[in-house]
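Note that UniProt numbering gives residue 272 to position 272 of the sequence shown, counting from 1, and the numbers run on in steps of one.
Backbone N, C-alpha and C fix where the C-beta goes; we use that ideal spot for every residue, glycine too.
No experiment lies behind these values; they were computed from the predicted model shown.
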Amino acid sequence: MTQTDTNMASETLGFQTEVKQLLHLMIHSLYSNKEIFLRELVSNASDACDKLRFEAIDNPDLFQGDTDLRIRVEYDKNARSITISDNGIGMSRDEAVANLGTIARSGTKEFFSQLTGDKQKDAQLIGQFGVGFYSSFIVASKVSVLSRRAGADETDAILWESEGQGEFTIAPVEKADRGTSVTLYLREEEDEFVNGWKLREVLRRYSDHISLPIQMQKEEWDAEKSEQVKKNEWETVNQASALWTRPKSEITDEQYQEFYKHIGHDYDDPLAWTHNRVEGRSEYTQLLFVPKHAPMDLWDREGRRGVKLYVKRVFIMDDAEQLLPSYLRFVRGVIDSADLPLNVSREILQESRDVRVIREGSAKRVLSLLEDLAENKPEQYAEFWEQFGQVLKEGTGEDQGNQERIAKLLRFASTHDDSAAQTVSLADYVSRMKEGQDKIYYVSADSYAAASNSPHLEIFRKKGLEVLLLSDRVDEWMLSYLREFDGKSLVSIAKGGLNLDQMADEEEKKHQAEVAETFKPLVERLGKALDGKVKEVRVTGRLVDSPACVVVDENELSPHLLRMLQAAGQTAPDLKPILEINPEHALIGRLQVAPEVDFDEWALLLLDQAMLAEGASLAEPAAFVKRMNRLLLGGAV
């Protein structure tokens with residue numbers, strides 16, 4: 001490295017506020033696992049080489065005669081420093097400022113809002129956020145980055161330096177070759193890392209899967225000095241072959257886990273993985289992982305996806321969203337195709353027959369992995385469902401070909417269990433159905449509490465009929481596609497067309513008919529009092545403890561879905577509800593003898609109560625309170 005006369009152009013810049021926070025978290029949350037800094041820097045060096053290989057497909061001159069990509073790790077006991085260097089793509093000045101001084105990622109604000117102060121939980125979040133370079137400051141009091149972008153002149157290199165205290169300097173320098181060297185000047189207490197044996201041990205444990213050679217200088221024992229002495233000769237310390245190309249029998253669980261951490265930028269082990277070589281019309285290898293925790297950008301439609309695409313072991317792109325359907329966007333991994341061209345673009349991926357085959361095959365493989373977890377490792381599947389269940393539900397509409405398989409993987413809360421945990425499968429429900437029951441019943445609401453306390457459940461609880469309790473935002477959308485399971489229709493108990501005859505014996509049916517006739521005059525009076533506010537008033541047998549409920553016609557949008565549309569700023573149809581009354585309730589008896597002057601007020605109060613029980617917001621809450629108080633006091637106010 002040669003400092004040039006352009007040193008006058010050296011600049012001191014401040015870190016982005018989020019970077020300052022992150023540096024503090026890195027040092028304090030991850031200090032118990034210090035050695036991960038080496039894994040992160042080697043991983044970044046590997047990515048830089050992958051990017052050069054990709055850009056060189058269209059511009060081979062970037063190699064400048066040096067096609068042997070590699071990573072080197074050196075240490076200097078006297079300077080107490082470690083240097084990780086690569087001959088990859090390198091960085092320009094602007095790229096160094098952007099990549100090392102700021103976090104230009106969506107979800108940054110959400111990331112910091114989720115931090116708890118719990119070191120273990122925060123470490124998981126930091127891993128998901130994918131900012132490994134800053135882990136250098138766990139062990140270093142100063143970090144220097146020397147880099148020259150491939151294709152740039154020797155005089156266009158940069159030197160970036162920081163002590164991690166809030167600012168960094170960047171200056172133009174000369175560098176004879178392309179690539180990046182990161183030098184860490186260690187803190188006083190970190191001398192264990194200026195040791196060849198220690199560095200080799202860490203590299204073999206964390207980075208053995210890296211497909212590029214990771215090199216260190218050979219060492220031999222000097223009896224006179226009683227220490228290892230470095231020779232001017234380099235040796236490769238890792239296997240330097242792509243992990244996914246090795247036979248499964250030769251790969252340990254630990255190696256799979258470390259590879260996942262490399263590609264997933266995660267500090268936790270994966271929940272499960274699947275590794276397969278597919279031959280036939282299309283030849284490709286897939287190594288796919290299911291994380292333990294949802295990534296920060298799971299709900300960001302513009303967020304990066306987790307599958308890296310390789311063609312004949314040449315890295316092509318980082319987030320090839322075409323290789324898996326959107327509902328599996330949480331999956332991380334590698335797909336290596338033997339059939340796609342090296343110059344494949346995102347546009348070509350969208351139209352390629354080979355990509356469609358890979359997409360379908362990979363989706364089926366992930367579903368098989370989840371099926372195995374659900375059947376043989378239910379506790380692990382429960383972990384998966386808690387993190388990714390809502391996303392998997394999207395598959396019922398997105399992947400019609402696999403809808404039946406996805407439906408078997410779905411889990412719900414239900415009246416069979418008093419807890420809010422979503423543990424009931426549709427197969428569980430069907431196995432518990434009553435004799436003669438031919439439908440799967442559900443109720444949807446804004447929350448589990450609202451669903452489990454819905455008045456619509458009363459007759460079902462009385463008859464011992466199980467009902468699924470749905471409260472995820474995606475549920476209504478899912479149900480527009482998932483209409484049946486195992487030949488049984490899924491039916492909302494909040495729909496007016498619900499046939500309750502199967503729940504009643506002949507005597508009950510006769511009694512209901514007599515009651516309907518008896519209360520016909522009251523129903524007509526209520527219909528007039530609520531004209532314009534409801535579509536219809538009628539007597540029901542679905543209620544036990546509540547005086548009334550609102551329902552909609554079978555083919556109309558549910559009140560829950562209407563509220564979701566309105567909350568999202570969508571135009572929702574102005575649908576009038578149907579008011580159903582419980583003739584056995586004391587309040588309905590009170591209505592029958594209410595003075596004419598109070599009747600309309602009682603009718604409005606009854607409707608408002610039913611709407612509140614449904615989870616709706618009242619248009620005039622103050623009027624409701626005033627009306628209720630007046631009637632409670634017998635009309636005195």
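Beta-bridge annotation (DSSP): F485 is paired with K488. Taking 7 Å as the cut-off, the beta carbon of K34 is found closer than this to the beta carbon of I138.
Taking all protein chains in view, the Cβ of G264 is crowded by 16 or more other Cβ atoms within 10 Å, so the residue is classified as buried. In the DSSP assignment, V331 falls outside any alpha helix (DSSP H) and carries neither an H nor an E. Taking the Cβ atoms as the reference, R277 lies roughly 14 Å from V357, outside the contact range of under 8 Å. Beta-bridge partners assigned by DSSP to D76: S81.
Put simply, of Q21, L468, A140 the residue whose alpha carbon is nearest the alpha carbon of S452 is L468.
Per the C-alpha coordinates, the member of L606, A171, H585 positioned closest to G541 is H585.
Membership of S141 in the beta strand (DSSP E) is indicated by the continuous run 140-148. DSSP, reduced to helix, strand and coil, places I316 within a strand of the structure shown. By DSSP's assignment, G166 forms no beta bridge with any residue.
Taking a contact as a CB-CB distance under 8 Å, the pair L41 and L52 does not count as one, their CB atoms being some 17 Å apart. V474 sits close to K393, with the two beta carbons spaced by under 7 Å. Counting only the Cα atoms, Q512 lies some 32 Å from R627. Rounded to the nearest whole angstrom, the CA to CA distance from V443 to A294 is 27 Å. An exposed status is given to K77, since fewer than 16 other beta-carbon atoms sit within 10 Å of its beta-carbon.
Within the DSSP bridge table, the entry for V278 names Y284 as partners.
Between L606 and V537, the C-beta spacing is not below 7 Å. Taking 7 Å as the cut-off, the Cβ atoms of D86 and T180 count as close.
In the DSSP secondary-structure assignment, D86 is bridged to I71, T180.
By the C-beta density criterion, Q400 is exposed, having fewer than 16 other C-beta atoms within 10 angstroms. Separation of W160 and K142 (C-alpha to C-alpha, rounded to the nearest whole angstrom) is 11 Å.
Spanning the alpha carbons of T12 and K377 requires a straight line of approximately 54 Å. For K509, the three-state secondary structure derived from DSSP is helix.
In the DSSP assignment, M216 forms a beta bridge with E235. When only Cα atoms are considered, G589 and K462 end up about 22 Å apart. Note on the region 440-481: whole alpha helix (DSSP H) runs with a minimum of 4 residues are 448-452, 458-463, 475-479, in chain order. For K248, there is no enclosing beta strand (DSSP E), as DSSP marks it with neither H nor E. Per the DSSP secondary-structure output, K308 pairs in a beta bridge with V334. Just so you know, the alpha carbons of T245 and T285 end up roughly 8 Å apart. The region 514-525 and the region 429-436 do not touch, with fewer than 3 CB-CB distances between them shorter than 8 Å.
A straight line joining the alpha-carbon of L369 with that of A272 spans about 8 Å.
If you draw a straight line from the Cα of E556 to the Cα of L465, it is about 24 Å long.
Separation of the CB atoms of D354 and L342 is rounded to 14 Å, and the pair is thereby denied contact status at 8 Å. Within a 10 Å sphere around the beta-carbon of R483 sit fewer than 16 other beta-carbons, which makes this residue exposed.
Separation of the CB atoms of M317 and L309 is rounded to 5 Å, and the pair is thereby assigned contact status at 8 Å.
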